[in-house]
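Colleague: Residue numbers (the numbering used here): 4 to 145.
There's a structure below that I have some questions on.
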């Protein structure tokens, strides 16, 4: 059965901890073309968009959920927001937990809201990454 409003509130298992390293921070900053000194040196902080490195790991559970019948090749990522409590630092070990927050249908399109909670392994809540996804289905499967 395809995703439906009944799936709102569905939460997936927390990801394994991800160790934030200075190298990974520099790699992302370089990929973004961001030369800010805060992302370099011995004790860098991560750019705010580092959240996607972590959140994408939680997205795997959503796309692997056969009950929802979501196909990645039919998905458009339409909206993204990050709400940070504090920046990530080298040495942080972070988990991600995804929850479906909304589901609407418009003809053959599923509009899906998701929230990924980003938390330190010590229990500290670090922030959230929220997204809106548009998933299209073949006509007749709406």
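Backbone N, C-alpha and C define an ideal beta-carbon position, used for all residues, glycine too.
Model, not experiment: these values are computed from the prediction.
Taking the CB atoms as reference points, tell me whether residue 103 and residue 114 lie closer together than 8 angstroms.
Modeller: No, they are not a contact pair.
Colleague: Locate the alpha helix (DSSP H) running through residue 30, then write down its first and last residues.
Modeller: Segment 25–35, the alpha helix (DSSP H) holding residue 30.
Colleague: DSSP on residue 56, reduced to helix/strand/coil?
Modeller: Note: residue 56 maps to helix in three-state DSSP.
Colleague: Please go through the same chain and pick out, in chain order, the residues whose beta-carbon is closer than 6 angstroms to the beta-carbon of residue 133, but skip the five residues on each side of it.
Modeller: Same-chain partners within the cutoff: 84 and 118.
Colleague: I'd like to check one pair, residue 124 with residue 10: are the Cβ atoms closer than 8 angstroms?
Modeller: Result no, Cβ atoms of residue 10 and residue 124 do not sit closer than 8 angstroms.
Colleague: By the 10 Å Cβ neighbour count, where 16 or more other Cβ atoms means buried, how is residue 66 classified, buried or exposed?
Modeller: Exposed, since its Cβ has fewer than 16 Cβ neighbours within 10 Å.
Colleague: Note down, in chain order, each residue of its chain lying with its Cβ closer than 6 angstroms to the Cβ of residue 138, except the 5 sequence neighbours on either side.
Modeller: Result list for residue 138: 73, 77, 78 and 113, in chain order.
Colleague: Using DSSP's beta-bridge definition, name the partner residues of residue 77.
Modeller: Beta-bridge pairing links residue 77 to no other residue.
Colleague: With DSSP collapsed to three states, give me the class of residue 15.
Modeller: Note: residue 15 maps to coil in three-state DSSP.
Colleague: Residue 103 bridges to which residues according to DSSP?
Modeller: According to DSSP, residue 103 bridges with 117.
Colleague: Would you give the residue range spanned by the beta strand (DSSP E) that residue 130 belongs to?
Modeller: Where residue 130 is concerned, the enclosing beta strand (DSSP E) stretches over 128–139.
Colleague: Hey, how far is the Cα of residue 49 from the Cα of residue 127?
Modeller: Taking the straight line from one Cα to the other gives about 17 angstroms.
Colleague: Taking just the CA atoms, how far does residue 46 sit from residue 7?
Modeller: Rounded to whole angstroms, residue 7 to residue 46 spans 45 angstroms at the Cα level.
Colleague: Three or more C-beta pairs closer than 8 angstroms, one from the stretch 29–38 and one from the stretch 86–101: is that the case here?
Modeller: These segments do not touch.
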